[in-house]
Amino acid sequence: MLLAVAAASAAWVYRQQSKSPEVPFARARRETLVSRLSTNGKVEPLTYQSVHAETEGPVNRVPVHEGQAVRQGEVLAVLRDTSAEADLAAAEARVAKAKAELERIRQGGRAAELADIRSQITQAELDRDTARRELATLERLAAKNAATRNDVDAARTKLQEIELRIQALQQKREALVTQTDLGVAQADLREAEAAVASAERRLSLAQIRAPIAGTVYRLSVRPGDYVNPGDAVAEIGRLDEMLVKVYVDEPEVGRVALNQPVGITWDALPGAEWKGTVTRLATEIRTVGTRQVGEIECRIANPEGKLVPGTNVNVEIRTSVTPNALVIPKETLRRQGAESGVLVLRDGRLAWQAVKTGAASITDIEITSGLKEGDSVALASGAPTQAGDEVRPVDP
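Mapped onto our numbering, the consecutive letters of the sequence shown carry residue numbers 11 to 406.
Shown next as structure tokens:
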């Protein structure tokens, strides 16, 4: 009896060991294959402008905040320019005095003193020499991108104003010598009015205004800060349409073409998606971290303004659509040396079948030759398999 039991057990173990392994299969099928390329990118405004200070001084007021929509010309920050304020007050006083003197001369008049005019001309000529040196220095700095064009323009305007003042003083002196006191008083008034205009221009630079209409998406100053010419104040842009710089790995760059559809998602807003198209292809390959990438640009609609500048986003580019493609799961594709192929089911055994591939999606790949619709191809399984093995097919 013991011998019979042992023999039965041995026979059962032998049958189990010799049983063909179970292998899951998938069938080649026809469907529309959408090929997508998944990567990442960074969001920027499509239309934006940086705002910089044109003069120096402490920030007195900042009447806007980040995220606020502003009109073109709206005040973003106000600097306190005590020197310009003092010059304006002094110039306005000179205008009042010149008007009073002109009125007095018209009612009887008196001659102005030449010595005072000579002193003013001498001082103005010293100011002109200083202004010329400052302009030359700023032009050299601007050529090296160390000073802004606004700085150069302001210095040139200042020099022109001094030259106009000298001209006015000379005309005034000539009027004293060769004309009546009425002409001198008129020259005094013109000079004082020019000084008022100069001080008002300087004060206008202390009011930093929005160069375009849009949204203040970055604000770099607050009350109490001290700024110098060229310092960043704000970034303003239109956020209804965004530019996404997309980083595509070098081997995939050739798959991207202009006007291909693009989908954008942002981890911070699960479920939200933005649509757009490819508007510029890569012009070079560069290193980003450990990757070699081409930089693609996409234009994305952002009507609700939820996608904000500086955001790191997930990008999916639809690179092709192949109708009626013969497809199999990607995992069924194998390599044998330099050849691609699959293990197909033929009469209960596995057989190697070389194939040629086409477009691919995330899960499937197109077969352009080597298979026909309905062919069964082996999926990966726990049991080691190879061509020639007898197997028991199982639906996945």
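All C-beta atoms, glycine included, are put in the ideal place defined by N, C-alpha and C.
Of the residues the options, the one placed nearest residue i, counting alpha carbons only
i	options	result
residue 165	149, 180 and 402	149
residue 40	77, 389 and 338	338
residue 322	52, 197, 44 and 202	52
residue 346	336, 361, 335 and 357	361
residue 249	96, 316, 81 and 89	316
residue 208	275, 93 and 239	93
residue 146	310, 130 and 163	163
residue 273	57, 264, 402 and 324	324
residue 340	314, 144 and 371	371
residue 110	198, 279 and 237	198
residue 80	144, 224, 100 and 152	224
residue 398	302, 352 and 101	352
residue 292	127, 299, 261 and 95	261
residue 277	157, 181, 335 and 318	318
residue 333	301, 326, 359 and 376	376
residue 144	169, 344, 129 and 43	169
residue 68	401, 243 and 285	243
residue 330	266, 405, 126 and 205	266
residue 104	326, 205, 296 and 172	205
Bridge partner(s) assigned by DSSP for residue i
i	result
residue 385	Answer by DSSP bridge pairing: none, since residue 385 is not bridged.
residue 285	273
residue 55	252
residue 324	50 and 275
residue 337	39 and 376
residue 258	304
residue 246	59 and 226
residue 363	352
beta-carbon residue i near the ligand SAM non-hydrogen atom, thresh 7 angstroms
i	result
residue 32	The ligand SAM is absent from the structure shown, which contains no ligand whatsoever.
Cα-Cα separation, residue i to residue j
i	j	result
residue 252	residue 60	16 angstroms
residue 137	residue 192	28 angstroms
residue 379	residue 395	24 angstroms
residue 255	residue 159	29 angstroms
residue 133	residue 220	38 angstroms
residue 287	residue 308	5 angstroms
residue 304	residue 203	59 angstroms
residue 290	residue 363	41 angstroms
residue 46	residue 283	16 angstroms
residue 36	residue 348	24 angstroms
residue 55	residue 247	6 angstroms
residue 107	residue 141	27 angstroms
residue 200	residue 178	8 angstroms
residue 34	residue 78	59 angstroms
residue 217	residue 312	31 angstroms
residue 344	residue 226	54 angstroms
residue 120	residue 194	Legend: pLDDT at residue 120 = 48, less than 50; position of this residue unreliable, value from coordinates given subsequently. Distance between the alpha carbons of residue 120 and residue 194 is about 10 angstroms.
Boundaries of the beta strand (DSSP E) in which residue i is found, first to last residue
i	result
residue 307	301-311
residue 224	224-229
residue 65	Residue 65 -> no beta strand (DSSP E), and no H or E assigned at all.
residue 366	366-370
residue 354	349-356
residue 217	217-219
residue 3	Here the chain comprises residues numbered 11 to 406, so residue 3 is not present and cannot be evaluated.
residue 88	85-89
residue 298	295-298
residue 345	344-346
Whole-number beta carbon distance between residue j and residue i, since they are thought to touch under 8 angstroms
i	j	result
residue 38	residue 381	5 angstroms
residue 210	residue 98	6 angstroms
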